[in-house]
Amino acid sequence: MKRNELENELKKLGWWFVRHGGNHDIWTNGERQEPIPRHKDINGEHYRFVN
Numbered sequence: 076m077k078r079n080e081l082e083n084e085l086k087k088l089g090w091w092f093v094r095h096g097g098n099h100d101i102w103t104n105g106e107r108q109e110p111i112p113r114h115k116d117i118n119g120e121h122y123r124f125v126n
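One gets my numbering by counting positions in the sequence shown from 1 and adding 75 to each.
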């Protein structure tokens, strides 16, 4: 999955960007915060929490 596809999916589900980390961006839904790698392609392990 491409990072921008994941970010669009997160936005649809009510998540929003919080801040930049070292090599990750931090996203939250108000209850949880998750680091999203700042790579072109992201493997399935990084977006399993979305479901």
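Note that CB positions come from ideal geometry on N, CA and C, so glycine has one too.
According to the DSSP secondary-structure assignment, K77 is paired through a beta bridge with D116. Excluding the 5 residues flanking it on each side, I101 has same chain C-beta neighbours closer than 7 Å at V93, R94, Q108, P110, in chain order. L85 places its beta carbon 8 Å or farther from that of I117.
Annotated three-state conformation of R123 is helix, per DSSP. A direct Cα-to-Cα measurement between K87 and G96 gives close to 22 Å.
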